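In the numbering used here, the protein residues as written are 103 to 519. By construction, the Cβ of each residue, glycine as well, lies at the ideal position given by its N, Cα and C atoms. Here the structure is a predicted model, which is why all the values come from computation and not from measurement.
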Amino acid sequence: MTLRTTPPLPAAVPAPDGFLWGAATAGHQVEGGNTNASNWLLEHQPGTHVEEVSGDACDSYHRYPEDIRLLADAGLTAYRFSLEWARIEPARDEVSRVQLDHYRRMIDTCRDRGVEPVVTLHHFTVPAWQHHEGGWYAPDVVDRFRRYVEAAATILDDVRWVVTINEPNMMVNQADARIDTEVGVSWPGPSPHASRVIAAAHHAAVEVLRGLGHVRSGWSVANQDYQALPGAEQARDAWAYWREDFFLEQSRGDDFVGVQAYLRTIIGPDGPVEHPADAERTLIGWEYYPAALGHALRHTREVTGGVPMLVTENGIATADDARRIAYTTGALAGLAAAVEDGCDVRGYLHWSLLDNYEWGSYRPTFGLVAVDRSTFARTPKPSLAWLGSLARAGVLPEPERVPADAGAAVGGPPARR
Ligand code: BGC
Numbered sequence: 103m104t105l106r107t108t109p110p111l112p113a114a115v116p117a118p119d120g121f122l123w124g125a126a127t128a129g130h131q132v133e134g135g136n137t138n139a140s141n142w143l144l145e146h147q148p149g150t151h152v153e154e155v156s157g158d159a160c161d162s163y164h165r166y167p168e169d170i171r172l173l174a175d176a177g178l179t180a181y182r183f184s185l186e187w188a189r190i191e192p193a194r195d196e197v198s199r200v201q202l203d204h205y206r207r208m209i210d211t212c213r214d215r216g217v218e219p220v221v222t223l224h225h226f227t228v229p230a231w232q233h234h235e236g237g238w239y240a241p242d243v244v245d246r247f248r249r250y251v252e253a254a255a256t257i258l259d260d261v262r263w264v265v266t267i268n269e270p271n272m273m274v275n276q277a278d279a280r281i282d283t284e285v286g287v288s289w290p291g292p293s294p295h296a297s298r299v300i301a302a303a304h305h306a307a308v309e310v311l312r313g314l315g316h317v318r319s320g321w322s323v324a325n326q327d328y329q330a331l332p333g334a335e336q337a338r339d340a341w342a343y344w345r346e347d348f349f350l351e352q353s354r355g356d357d358f359v360g361v362q363a364y365l366r367t368i369i370g371p372d373g374p375v376e377h378p379a380d381a382e383r384t385l386i387g388w389e390y391y392p393a394a395l396g397h398a399l400r401h402t403r404e405v406t407g408g409v410p411m412l413v414t415e416n417g418i419a420t421a422d423d424a425r426r427i428a429y430t431t432g433a434l435a436g437l438a439a440a441v442e443d444g445c446d447v448r449g450y451l452h453w454s455l456l457d458n459y460e461w462g463s464y465r466p467t468f469g470l471v472a473v474d475r476s477t478f479a480r481t482p483k484p485s486l487a488w489l490g491s492l493a494r495a496g497v498l499p500e501p502e503r504v505p506a507d508a509g510a511a512v513g514g515p516p517a518r519r
């Protein structure tokens, strides 16, 4: 396959020493055939609101060597992927050695290619049995999760970066979600109870991982870049607490915190405010807003008190790869400015390596690599080579500071942050 010419690099500054450059995926979104997981059940329940089933996904369960090769050949140095609890513990207390070996081979493949594995232990799905027992509401879920982490830890001998739980703050919404076949999914709001349970599960996982001695552990938080309209600062802070800040506070004792930023959310006195109708939207309906990443890094530093940060996700759903490069340039320019202003950022992992299953549909394409839905053939997009060339050169785009100006977005005076 011939790539078109790699787009030119932007004016640049050196990246921090040892900066990780990579891309991320998650098991259920790329592996395929994840038939024993909670989301598979949700996709197949009668009258489901889910548009498309995950099915064979990208067949990465079998094709991961090709995925890792593409990433490494482009010049990237890190691959974030997740282990599926549903495969490792297919039934309560039954650990599959074969599945652990499978994930161990993925780690070895990364090592063979000079790629740093960043392993996520939990990315949204739970095993069907855990789902039937109440998921994150099951009375013994913290203990169950700890046992799963103990099983997973047996293959993590030389792994240096482990994300315990992906976006617990989004999962709390999911844990409380009511699925109505008429109106779709409704989220009544975050649950402090479920938040505390998930935090306890995270701390239990960190304790197990600390026992290994060499692992840097943390969880990854979905950062929403909450911006207040003038006068709505208190409403913004109250809105953000159980949706983001509680989870950042839980990271204070961790080795790192994963920052995942895509967009901003504008808060008025009564909650979120619509973006103007003429705002550019991505394929998933989000506002095109690359500055979210820099803002998220600064906010995370403020709440955690300076815990090292790893960008574990950032990207854009678009069919226009030039737009992906423009978005990523803006996001990295915000990251560079945050670093210049003292933020401790250890790396950038783009979401996503592949066009994958976006929790209900294959339509929003986030990938640096396209995947043919019937042959599973991979076609790298120019953005893959572009990101890889930044990695090879060890540079970030020139720092850019974009004020968090919610007022201007909805036509009012600028908000202070
Ligand atoms: C999740 C991914 C998801 C991405 C884009 C994050 O919330 O961790 O699984 O695909 O955002 O929606």
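8 angstroms contact criterion, which residue i and residue j should meet: CB distance rounded
| i | j | result |
| --- | --- | --- |
| residue 331 | residue 512 | 7 angstroms |
| residue 363 | residue 416 | 6 angstroms |
| residue 238 | residue 296 | 5 angstroms |
| residue 263 | residue 218 | 7 angstroms |
| residue 496 | residue 117 | 5 angstroms |
| residue 54 | residue 163 | Examination of residue 54 is not possible in this model, given that the chain is present from 103 through 519 alone. |
Distance cut-off 7 angstroms: residue i Cβ against heavy atoms of the ligand BGC
| i | result |
| --- | --- |
| residue 272 | yes |
| residue 168 | no |
| residue 141 | no |
| residue 453 | yes |
| residue 386 | yes |
| residue 128 | yes |
| residue 324 | yes |
| residue 488 | no |
| residue 336 | no |
| residue 468 | yes |
| residue 268 | yes |
| residue 232 | no |
| residue 415 | yes |
| residue 123 | no |
| residue 460 | yes |
Own chain, CB closer than 7 angstroms to residue i, minus 5 neighbours either side, in chain order
| i | result |
| --- | --- |
| residue 508 | 329, 330, 331, 368, 517 |
| residue 302 | 244 |
| residue 466 | 385, 386, 419, 460 |
| residue 109 | 427, 484, 488 |
| residue 442 | 501 |
| residue 494 | 177 |
| residue 256 | 202 |
Beta-carbon proximity of residue i to residue j, cut-off 8 angstroms
| i | j | result |
| --- | --- | --- |
| residue 391 | residue 365 | yes |
| residue 190 | residue 198 | yes |
| residue 248 | residue 307 | yes |
| residue 455 | residue 159 | no |
| residue 334 | residue 370 | yes |
| residue 251 | residue 209 | no |
| residue 129 | residue 234 | no |
| residue 452 | residue 481 | no |
| residue 211 | residue 167 | yes |
| residue 140 | residue 228 | yes |
beta-carbon residue i near the ligand NAP non-hydrogen atom, thresh 7 angstroms
| i | result |
| --- | --- |
| residue 131 | No copy of the ligand NAP appears in this structure; the ligands present are the ligand BGC. |
Sequence-distant residues of the same chain with beta carbon closer than 6 angstroms to residue i, five excluded per side
| i | result |
| --- | --- |
| residue 432 | 392 |
| residue 153 | 462, 463 |
| residue 410 | 358, 446, 448 |
Chain-order list of residues whose beta-carbon lies under 8 angstroms from that of residue i (same chain, five-residue window excluded)
| i | result |
| --- | --- |
| residue 421 | 385, 467 |
(message) At 4 residues or longer, what runs of the alpha helix (DSSP H) sit wholly inside the segment 335-393?
(response) Runs of the alpha helix (DSSP H) inside the segment 335-393: 335-342, 348-351.
(message) In chain order, what are the residue ranges of uninterrupted beta strand (DSSP E) at least 3 long that sit wholly in the segment 421-496?
(response) If we require 3 residues or more, the beta strand (DSSP E) runs fully inside the segment 421-496 come out as 447-453, 471-473, 480-482.
(message) Could you tell me which whole beta strand (DSSP E) segments of length 3 or greater appear in the segment 241-274?
(response) For the segment 241-274, whole beta strand (DSSP E) runs of length 3 or above, ordered along the chain, are 263-268.
(message) Please give me, in chain order, every unbroken run of the alpha helix (DSSP H) with length at least 4 that falls completely inside the segment 146-206.
(response) Taking 4 residues as the minimum length, the alpha helix (DSSP H) runs contained wholly in the segment 146-206 are 162-176, 187-190, in order along the chain.
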